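Novice: Pasting a structure below so you can have a look.
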Amino acid sequence: MSQPSLVDIQRWMRWVITEPRGIREALSTPWTLDSALAHRYKEPVRQWDVIEEAAPLTTHDRLGVYANAYFYRLLESLAADYKTVQRVVGEEKFHDVIAHYLMRYPSHSPNIGDVGETLPGFIKEHPLSKQFPFLHELALLERAVMECIFTHHLSALDVRSSQTKTEEEWAAARFVLDPAIRLMRVHWPVDRLWKCREQSEPLELPEAPDPGPRHLLLYRDDNWVRVSVIENHAWTALHMLRSGMSLGAVCKILSKQWSAHSEKKLPVMEWFSSWIATGLVRNIIWEESKETTHL
Amino acid sequence: MMMTNSDLNRVHPPRPDLGVGVGLRSNHYGAILSQRPAIPWFEVISENFMTLRNTDPESRGFPGGRPREMLDLIRKDYPIVLHGVSLNIGSTDPLWLDYLKKLKVLADETQPLWVSDHLCWTGVEGENLHDLLPIPYTEEALAHVAERVKQVQDLLGRRILLENVSSYVSYKHSQMPEWEFVAELARRADCGILLDVNNVYVSAMNHGFDPKTYLDGIPVDRVRQMHLAGYSQEDTGFLIDTHDHPITSPVWDLYRESVRRFGAVPALIEWDDKIPPFEVLEQEAKKAETIREEVFKEQMICLSPR
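Residue numbers (this note's numbering), protein chains in the order written: chain D, -13 to 281; chain E, 9 to 314.
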């Protein structure tokens, strides 16, 4: 028998271990690449050419240890990252969703945390989203929480530098927001579901979307990720500031919208205080500008 | 029995002995930061302190997030070592340069005492199976892996340690036993060995070799760290390296043999699943420390003039 090369053994083992039909089925059918390797080997590469048979286990059982470990390790990791999704659909259905997901999106990253990166998109197209129409938004929220955990904080803002600034300088100021924050607009109250993920009672599933969009802010404090529903204009302000717009430009755009909404002044200073308190603003870039605004 | 000079060198080679450490897991951050337990050092899983792919550009390529913040707090008071699971050193795929860059940044920033990973392959054709798959012990594999270890060491600018893995299959065409492969690899690549005593035992039982023969085949001066962990036993008697149980009696016995052979090598308690309160890990570390002390005492008696 010709000795299989290292690369062919690895390709063959990957195929056997990840074969969705299971080890037994995989080993009873020819490896699809056999024909491509015909010029390299006198005989086809099969398990009895590669793996040593030794009691007490058969080759099937021995390879099965790796096949099970492959699937269940990834399932466990995704279940931890998408805990609320798993609670909503139940363990059995979640298992099936992940089995199909891994067939389509196997891991290509050294970091197991990246495996679930495309799961929200997969869920959106999955038939379960018809039964649970909020599932996609819930998965997006859980992924955003993960990203929030794994994104670094910038050092805290020193507010003393802002105390002597003129209105003109404030208008031209650009805010550097903490990279860990996430802004999401959802239609279902998935934040409520997420907050109940640890409760032992069955989750109360939403029956209809909210009348208007829910504006979510995700940020990380010293303990964990916080998910808050914030006012639409404050959310938009954060969104625009994050894109690099100056405070003056943001206020100009929002003032028009705000005047239709309220008789009070645009509460920029209240927002700013709360953003500072929660560590959302990490730096302010001061620039010369002729633009003025009333803060 | 009196020991010779060469035995003396074997017992006390010039290398740092940190005693018995514990694997750092997120469940224990609170306990460690609030109680500052008397553990001499921690081993951390490198990948747990790297950013996710496609997070904000500002943090891309840099280790980040809450896990890293915790690590920075813990390493103020404790020495750490980095232990990876995705180096994929035995794969026929090209080395993951992006991963190695992240690892280098992490190592440069956190200043671990050393960096280790596993002697295995974890994926091929760009796919990561997130498992520690055994390498066939052939001359082809040896040359391939030795070359890659040299490249990794050059890229990281430091010597690495490679750990023997537990295995459930062996390859018909292997040309040498695992211990010979490990020893020759360490020599050719000039890397260190992280000897996982539990893995030696698990593989020995699963493949029917004598674990002491394994230990005898490993060069003393290359072993820079040891691992201790618990395994699970299947109904068939097959052992699985689950890291979810206390260390078993035969592994403690094998550890005693390892300390006799390799001397004052730092050892580490690993526990990755069904993680118990931190005190349980401390108790396991104390047991390991007691074995070390007993062996050193026994060796001192042998060395004392009569």
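Beta carbons are placed, not taken as given, at the ideal position from N, Cα and C, and that holds for glycine. Computed from a predicted structure; not experimentally measured.
Contact criterion: CB-CB distance below 8 Å. Does D/HIS138 meet it with respect to chain E?
Specialist: Closer than 8 Å: yes.
Novice: Is the segment 53 to 62 of chain E in contact with the segment 90 to 110 of chain D, if contact means three or more CB pairs nearer than 8 Å?
Specialist: Verdict: yes, contact present.
Novice: Use the C-beta contact count for E/LEU223: other C-beta atoms within 10 angstroms, 16 or more gives buried, fewer gives exposed.
Specialist: E/LEU223 should be labelled buried.
Novice: DSSP puts D/SER214 in a beta bridge; with which residues?
Specialist: BP columns for D/SER214 point to D/LEU203.
Novice: Should D/GLU187 be flagged as near chain E, meaning a C-beta pair shorter than 8 Å?
Specialist: No, D/GLU187 does not count as interfacial toward chain E.
Novice: Residues bridged to D/VAL162 by DSSP?
Specialist: Answer by DSSP bridge pairing, in chain order: D/ASN269.
Novice: Check whether chain E comes within 8 Å of D/THR104, counting only Cβ atoms and requiring the distance to be less than that.
Specialist: By this cut-off, D/THR104 is not an interface position.
Novice: Quick one: give me the first and last residue of the beta strand (DSSP E) that D/GLN(-4) is part of.
Specialist: Taken as a continuous stretch (DSSP letters only), D/GLN(-4) belongs to no beta strand (DSSP E), being part of the alpha helix (DSSP H) at -8 to 4.
Novice: Using a Cβ-Cβ cutoff of 7 Å, what residues of the segment 189 to 208 of chain D are near chain E? List them in chain order.
Specialist: Those would be ARG206, in chain order.
Novice: So for E/PHE70, helix, strand or coil by DSSP?
Specialist: Caution is warranted here: a pLDDT of 47 is assigned to E/PHE70, below 50, making its placement in the model unreliable, and the coordinate value is therefore given only provisionally. Coil, per DSSP.
Novice: Report the start-end ranges of each alpha helix (DSSP H) in the segment 159 to 212 of chain E that is 4 residues or longer and not cut off at the edges.
Specialist: Listed in chain order, the complete alpha helix (DSSP H) runs (minimum 4 residues) inside the segment 159 to 212 of chain E are 186 to 197.
Novice: For E/TRP129, write down the residues that DSSP places opposite it in a beta bridge.
Specialist: DSSP, once it has assigned bridges, lists E/LEU141 as partnering E/TRP129.
Novice: Alpha carbon to alpha carbon, how far is E/VAL259 from D/HIS122?
Specialist: The straight-line gap from Cα to Cα measures roughly 47 Å.
Novice: Beta-carbon within less than 8 Å of E/HIS215's beta-carbon, same chain only, minus the 5 sequence neighbours each way: which residues are those?
Specialist: Once the five neighbours on either side are set aside, the close Cβ partners of E/HIS215 are SER175, SER178.
Novice: Between E/THR118 and chain D, is any beta-carbon pair separated by less than 8 Å?
Specialist: It does not: the Cβ of E/THR118 has no partner Cβ on chain D nearer than 8 Å.
Novice: On a CA-only basis, which of E/GLU297, E/ALA194, E/LEU311 is nearest E/GLN161? Give me that one, please.
Specialist: Answer by Cα proximity: E/ALA194.
Novice: Would E/TYR145 count as contacting chain D if we go by Cβ distances under 8 Å?
Specialist: So, not an interface residue.
Novice: With DSSP run on the structure shown, which of helix, strand or coil describes D/LEU143?
Specialist: In the structure shown, D/LEU143 sits in coil (DSSP, three-state: anything other than H, G, I, E or B).
Novice: Locate the alpha helix (DSSP H) running through E/VAL228, then write down its first and last residues.
Specialist: Per DSSP, E/VAL228 belongs to no alpha helix (DSSP H) and is neither H nor E.
Novice: According to DSSP, simplified to helix, strand and coil, what is E/ILE47?
Specialist: The answer is coil: DSSP assigns E/ILE47 none of H, G, I, E or B.
Novice: Below 8 Å between beta carbons: does that hold for D/TRP171 and D/HIS201?
Specialist: Per the sequence presented here, residue 171 of chain D reads as Arg, with Trp not at that position. Yes, Cβ-Cβ distance for D/ARG171 and D/HIS201 is below 8 Å.
Novice: Any residues in the segment 217 to 237 of chain D with a beta carbon nearer than 7 Å to a beta carbon of chain E? Which ones, in chain order?
Specialist: Against chain E - using a Cβ distance shorter than 7 Å - the segment 217 to 237 of chain D contributes no residues.
Novice: Does the beta carbon of E/LEU164 sit closer than 8 Å to a beta carbon anywhere in chain D?
Specialist: Answer no: the Cβ-Cβ gap between E/LEU164 and chain D never drops below 8 Å.
Novice: Quick one: is E/ASP125 near chain D, going by C-beta distance under 8 Å?
Specialist: No - not a single Cβ of chain D is within 8 Å of the one on E/ASP125.
Novice: Which first and last residues belong to the alpha helix (DSSP H) in which E/VAL93 is found?
Specialist: That residue, E/VAL93, is in no alpha helix (DSSP H); it is neither H nor E in DSSP.
Novice: Mind checking which residues open and close the beta strand (DSSP E) that includes D/LEU252?
Specialist: No beta strand (DSSP E) holds D/LEU252; DSSP gives it neither H nor E.
Novice: Determine whether the Cβ of E/THR100 lies closer than 8 Å to any Cβ atom of chain D.
Specialist: Closer than 8 Å to some Cβ of chain D, the Cβ of E/THR100 qualifies, so yes.
Novice: On the criterion of 16 or more Cβ atoms from any shown chain inside 10 Å, does E/SER312 qualify as buried, or is it exposed?
Specialist: So E/SER312 counts as exposed.
Novice: Which term fits E/ASN206, buried or exposed, when burial requires 16 or more other beta carbons within 10 angstroms of its beta carbon?
Specialist: Per the 10 Å Cβ criterion, buried.
Novice: Could you tell me whether the Cβ of E/ARG74 comes closer than 8 Å to any Cβ of chain D?
Specialist: Cβ-Cβ to chain D under 8 Å: yes for E/ARG74.
Novice: Does E/GLY69 pass the burial test, meaning 16 or more other C-beta atoms within 10 Å, or should it be called exposed?
Specialist: Low confidence applies here, because E/GLY69 scores a pLDDT of 42, under 50, leaving its location unreliable; read the following figure in that light. The residue in question, E/GLY69, is exposed, as its Cβ has fewer than 16 Cβ neighbours within 10 Å.
Novice: Select from the segment -5 to 7 of chain D all residues with a C-beta closer than 9 Å to any C-beta belonging to chain E, and list them in chain order.
Specialist: Within the segment -5 to 7 of chain D, the qualifying residues are ILE(-5), GLN(-4), ARG(-3), MET(-1), ARG0, ILE3, THR4.
Novice: For D/HIS247, count neighbouring Cβ atoms within 10 angstroms of its own Cβ and tell me buried if that reaches 16, exposed if not.
Specialist: Result: exposed.
Novice: Which residue marks the beginning of the alpha helix (DSSP H) containing D/LEU13, and which one marks its end?
Specialist: Looking at the DSSP string, the run of the alpha helix (DSSP H) that includes D/LEU13 is 9 to 14.
Novice: To the nearest angstrom, report how far apart D/LYS181 and D/LYS242 are at their CA atoms.
Specialist: One C-alpha to the other measures close to 35 Å.
Novice: Beta-carbon separation of E/ILE88 and E/ASP125 under 8 Å?
Specialist: No, the pair does not count as a contact, with Cβ atoms beyond the cut-off.
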